[in-house]
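Peer 1:
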Amino acid sequence: MAKGEHKLPDYLKIQPFGQVPAFQDEDITLFESRAICRYISEKYVNQGTKGLFGNNPLTKASIDQWLEAEGQSFQPPSLILLVQLSWLPLMKLEQDPEAIKENEEKLVKVLDVYEKRLGESRFLAGDEFTLADLSHLPNTQYLLSRTDRGELITSRKNVARWWGEISSRDSWKKVVEMQKAAIPPVTA
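Using the numbering used here, you'd call the opening residue of the sequence shown number 24 and step up by one each time.
1) For Gly71, count neighbouring C-beta atoms within 10 Å of its own C-beta (all shown protein chains included) and say buried if the count is 16 or more, exposed if not.
2) Cutting at 6 Å between CB atoms, please list the residues of its own chain near Thr52, excluding the five before and the five after it.
3) From Phe54 to Leu111, what distance separates their C-alpha atoms?
4) Got a sec: does the ligand FMN put a non-hydrogen atom nearer than 7 Å to the Cβ of Leu175?
5) Of the choices Ser158, Asp171, Gly41 and Ile123, whose alpha-carbon is the least far from that of Arg61?
6) Since Gly149 sits in a beta bridge, which residues does DSSP pair it with?
7) Thinking Gln98 and Ala122 are a contact (beta carbons under 8 Å), I'd like their distance in whole angstroms, please.
8) Using CA coordinates, which residue listed in Glu28, Asn126, Arg57 and Asn78 is at the minimum distance from Asp156?
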């Protein structure tokens, strides 16, 4: 992305908004990470973790509900915090204290809802790990490892338990190791 490859004509043919990600499988092209995850979990339902997108309409609706909560409520403020607290300093650009304050307040409200929900069930969409949980892994990992706002997660008993469980999955540990190899450490 730093070189602008995502804005080149060939890439725009598969991702018309010029954003990441884009995914090609056989003769289909998908963009938007949650749609890609749904497709992969349905296509490869008998491989890896079973039931990531549920196996009946009610379960799928619950998973979709929490995927939407992640996409609409969790992701926007967490991403702004990541940009402000991690990426802008790396690029030697000025942070916006008001954006940090505003989005931390928004994320606190989301995490308070999660705290209540995770007091009622092991995972967001019920008692099984699903796409709803998986979709939270990247931004939460970055909040904990690349900002000073980890207490937003760790200070909440149920959210901390949930994070500990989902982030300790072998598959996620492999992703984190790949990220460490690809992304330079944060230096002050």
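A virtual CB, placed ideally from N, CA and C, is assigned to each residue, including glycine.
Peer 2: The relevant details are as follows:
1) In summary, Gly71 is exposed, with fewer than 16 beta-carbon neighbours lying within 10 Å of its beta-carbon over all protein chains present.
2) Ile37
3) 26 Å
4) With respect to small molecules bound, the structure shown includes none, and the ligand FMN cannot be examined in it.
5) Ser158
6) Per DSSP, Phe146.
7) With a Cβ gap of about 15 Å, Gln98 and Ala122 do not count as contacting.
8) Arg57
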